[in-house]
Amino acid sequence: MRMTRERRGWSLARQLLVLQVIIVGVLVVAGAVLAYLDVAGRTEDSTREEVISVALTIADSPAVVDVVQANEPSAILQPFAERVRHDTGVDFITIMDTDGRRFTHPNPDRIGEKFLGHIDEALAGRVFTETYTGTLGPSVRAVVPVRDGDRIVALVSVGITLDAIAGQVRDRLVPLVVVALVTLAAGMTGTYLVSRRLARQTHGLGPAELGRRLEYHEAILHTVREGLLLVDQAGRVTLCNDGARALLDLAGEVEGRLLGDLGLPAAMVASMAPDRTTRDEIHLTERRVLVVNCTPVRSGNSAHGTVVTLRDHTDLQALTGELDSVRGFAESLRSQAHEAANRLHTVVSLVELGRYEEAVEFATAELALAQQLTDRVVNAVSEPVLAALLLGKAAEANERGAELVITPETEIDDAVLRGTIAPRDVVTILGNLIDNALDAAIEGGNAPRVFVTARTEDGALLLRVEDTGPGLAAGEVAFDRGWSTKADGRGLGLALVRQAVRRGNGTIEVGQGERGAVFTVRLPTALVSS
154 MRMTRERRGW
164 SLARQLLVLQ
174 VIIVGVLVVA
184 GAVLAYLDVA
194 GRTEDSTREE
204 VISVALTIAD
214 SPAVVDVVQA
224 NEPSAILQPF
234 AERVRHDTGV
244 DFITIMDTDG
254 RRFTHPNPDR
264 IGEKFLGHID
274 EALAGRVFTE
284 TYTGTLGPSV
294 RAVVPVRDGD
304 RIVALVSVGI
314 TLDAIAGQVR
324 DRLVPLVVVA
334 LVTLAAGMTG
344 TYLVSRRLAR
354 QTHGLGPAEL
364 GRRLEYHEAI
374 LHTVREGLLL
384 VDQAGRVTLC
394 NDGARALLDL
404 AGEVEGRLLG
414 DLGLPAAMVA
424 SMAPDRTTRD
434 EIHLTERRVL
444 VVNCTPVRSG
454 NSAHGTVVTL
464 RDHTDLQALT
474 GELDSVRGFA
484 ESLRSQAHEA
494 ANRLHTVVSL
504 VELGRYEEAV
514 EFATAELALA
524 QQLTDRVVNA
534 VSEPVLAALL
544 LGKAAEANER
554 GAELVITPET
564 EIDDAVLRGT
574 IAPRDVVTIL
584 GNLIDNALDA
594 AIEGGNAPRV
604 FVTARTEDGA
614 LLLRVEDTGP
624 GLAAGEVAFD
634 RGWSTKADGR
644 GLGLALVRQA
654 VRRGNGTIEV
664 GQGERGAVFT
674 VRLPTALVSS
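Just so we're aligned: the sequence shown equals residues 154 to 683 in the numbering used here.
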């Protein structure tokens with residue numbers, strides 16, 4: 154594992170750790186240097202202000218003004234200057250005459266010697282400071298005039314050596330270094346903790362690997378046909394792939410919107426609620442039958458939302474309807490074969506009894522009725538799947554004690570279907586309408602009958618199913634998923650009918666006819682279904 158990690162380079166967390174350590178270190182060092190320069194500058198400025206203040210205080214003293222004009226001023230000024238020097242902490246106080254001859258000095262042997270430094274500006278009446286190397290070494294000094302009225306009678310120079318100033322800077326530098334080290338340690342600790350957290354969140358992957366995984370993630374999301382939605386705890390969509398957009402017919406920006414604002418059926422939105430687990434629920438949209446699965450996402454005790462997957466069940470539902478029709482047709486054939494066997498035994502028995510005319514009459518009568526129904530359906534409906542559906546439903550109705558009547562005006566050419574919608578959608582529409590009509594007619598009582606009409610009318614394919622049942626007053630509500638007149642019904646048939654009609658850009662109406670409920674479907678023949 155270590156060799157693999159070394160071959161693929163440092164992880165993103167480690168790279169950021171090193172980068173942040175360098176940045177924090179540079180910032181702390183730069184801050185410390187700037188702070189040191191600021192302290193040094195402030196110390197030098199405060200030193201200049203200090204020496205000027207002390208020098209002006211001495212020069213303004215009346216006693217000094219009087220003594221500098223007396224004989225032997227050093228005897229009085231030297232003790233005074235030394236006392237002031239010790240009290241103020243400066244390194245030297247030099248009182249001199251206007252020629253620069255010293256009256257005072259920290260080293261008494263230097264009294265009477267020439268002052269080392271510039272005095273011209275002070276003699277001109279100005280206060281100034283300078284850095285100059287004197288008998289005590291380099292120092293920052295101030296030179297001010299001593300006035301007796303308007304006359305300059307002496308000069309005072311007060312100075313602090315650069316070594317003393319450096320000592321003050323060093324004293325102030327210790328807290329600065331401590332603060333810099335503490336800041337550096339805190340920054341390094343914080344950086345390390347952030348990098349550890351980042352390492353856990355990125356699973357120790359490097360930038361290149363994270364980039365590749367993001368590319369794979371995006372590629373998978375946009376190529377899979379199944380729909381995928383991520384919904385947060387507030388019911389907002391945080392991720393929607395191309396499959397979900399296509400299956401839900403969503404347009405525009407989806408991420409960040411509430412599920413309830415996407416125009417989805419209320420039952421589907423309810424099934425995607427946070428913390429709700431859904432397994433293979435069937436939901437109908439405007440054009441599709443979808444299988445919905447929802448799984449809450451949790452981390453420890455915290456809920457982060459819901460993962461929703463969508464699968465298109467439309468084709469499978471249509472094929473199931475076709476299979477049911479074929480199965481019903483096969484069942485009718487089986488029952489007819491059973492009945493044919495019974496009739497054959499009857500014919501054989503009549504022949505054995507010598508009742509030949511009765512045998513022929515019995516056999517031909519039943520055959521004529523069956524052939525008449527088959528001929529009627531085949532002649533009127535040339536589309537084989539739809540013809541099989543009608544024959545199967547007719548046989549089923551006969552077994553259930555009802556009659557399926559194909560009205561005389563029925564006529565469907567397979568070319569009409571090809572110019573309208575797919576035959577499987579017509580099977581879905583007619584099959585479910587006939588099933589519901591049979592149930593209603595049988596529930597209605599005596600002589601249950603279902604009338605089916607299919608023809609072209611005013612540029613549209615018209616499908617009408619009427620029963621002799623008690624009628625239906627539910628109106629459009631009958632097409633909602635879950636609505637049913639039967640206690641054990643699923644309420645899916647009519648919802649599938651409306652969905653198939655919408656796929657064909659058609660209309661469906663429900664009303665009350667002379668005999669019972671009437672469902673009328675119109676599908677424009679100019680549309681070619683894909």
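Ideal placement from N, C-alpha and C gives every residue a C-beta, glycine not left out.
What you are looking at is a predicted structure, and each value in this text was computed from that prediction instead of being measured.
CB contact flag (residue i, residue j, <9 Å)
i      : j      : result
His436 : Pro449 : no
Val204 : Thr282 : yes
Pro215 : Glu235 : no
Leu401 : Leu415 : yes
Ile246 : Val311 : yes
Ile248 : Thr241 : no
Val442 : Gln652 : yes
Asp301 : Gln231 : no
Ala208 : Leu329 : no
Gly270 : Ser227 : no
Val654 : Val663 : no
Val461 : Leu403 : no
Proximal residues to residue i (C-beta, below 8 Å), its chain only, five neighbours per side dropped
i      : result
Val558 : Arg602, Val603, Phe604, Val605
Leu276 : Thr251, Pro298, Ile305, Leu308
Val530 : Ala540, Leu543, Leu544, Ala547, Ile559
Asp244 : Arg238, Pro259, Leu289, Ser292, Gly312, Ile313, Thr314, Ala317
Pro261 : Gln231
Arg263 : Arg255, Thr288
CB-CB length for residue i against residue j, believed under 8 Å
i      : j      : result
Gly388 : Leu412 : 5 Å
Gly584 : Leu542 : 6 Å
Gly545 : Asn589 : Gly545 to Asn589, Cβ: 16 Å. No contact.
Val407 : Val390 : 5 Å
Val538 : Leu586 : No, Val538 and Leu586 are not in contact; Cβ-Cβ is about 16 Å, not under 8 Å.
Val674 : Thr581 : At roughly 11 Å, the Cβ-Cβ gap does not stay under 8 Å, so Val674 and Thr581 are not in contact.
Glu596 : Pro623 : 7 Å
Thr560 : Thr609 : The Cβ separation is near 14 Å, so there is no contact.
Leu337 : Gly178 : 7 Å
Asp620 : Arg668 : 7 Å
Leu591 : Ala550 : 6 Å
Ala594 : Leu676 : About 25 Å separates the two Cβ atoms, so there is no contact after all.
Val220 : Ile229 : 5 Å
Arg432 : Asn446 : 6 Å
Leu136 : Phe515 : Nothing can be reported for residue 136, as the shown portion of the chain is limited to 154 through 683.
Check: residue i C-beta below 8 Å from any heavy atom of the ligand FMN
i      : result
Glu536 : Ligands displayed in this structure: none; no statement on the ligand FMN is therefore possible.
Spatially closest choice to residue i from the options, by CA coordinates
i      : options                        : result
Ser535 : Glu564, Glu549, Ala512         : Glu564
Arg169 : Leu346, Ser199, His239, Arg201 : Here residue 169 turns out to be Leu, not Arg, going by the sequence shown. Checking every option, the nearest Cα to that of Leu169 belongs to Leu346.
Gly278 : Ala456, Val663, Asp303, Val332 : Asp303
Ala426 : Ala456, Arg350, Ser206, Val243 : Ala456
Gly340 : Arg508, Val327, Ile264, Val182 : Val182
Gly343 : Ile176, Ala607, Phe672         : Ile176
Ala319 : Gly253, Val331, Arg451, Gly194 : Gly194
Thr438 : Asp465, Glu274, Val280, Gly253 : Asp465
Val171 : Arg349, Asp611, Arg255         : Arg349
Leu334 : His498, Asn224, Leu180         : Leu180
Glu225 : Arg255, Glu202, Asn658         : Arg255
Val332 : Gly405, Arg451, Ala188, Asn599 : Ala188
Gly409 : Gln386, Ser424, Thr430         : Gln386
Minimum Cβ-Cβ distance from residue i to chain C less than 9 Å
i      : result
Val327 : Looking at the structure shown, chain C is missing, and only one protein chain is on hand.
Same chain, Cβ closer than 6 Å to residue i, neighbours up to 5 away in sequence not counted
i      : result
Gly380 : Gly396, Ala397, Leu400, Leu463
Gln665 : Gly624
Glu274 : Phe281
Beta-carbon proximity list for residue i, same chain, < 7 Å, skipping 5 on both sides
i      : result
Val218 : Val299, Asp301, Val306
Arg294 : Val204, Gly270, Thr282, Glu283, Tyr285, Ser310, Val311, Gly312
Ala555 : Leu591, Ala594, Ile595, Pro601, Arg602, Val603
Phe268 : Thr247, Met249, Gly253, Arg255, Ser310
Val174 : Met341, Thr344
Asp566 : Ser535
Val110 : No answer is possible for residue 110: the residues shown for the chain start at 154 and end at 683.
At least 3 beta-carbon pairs within less than 8 Å: the region 305 to 319 vs the region 283 to 296: yes
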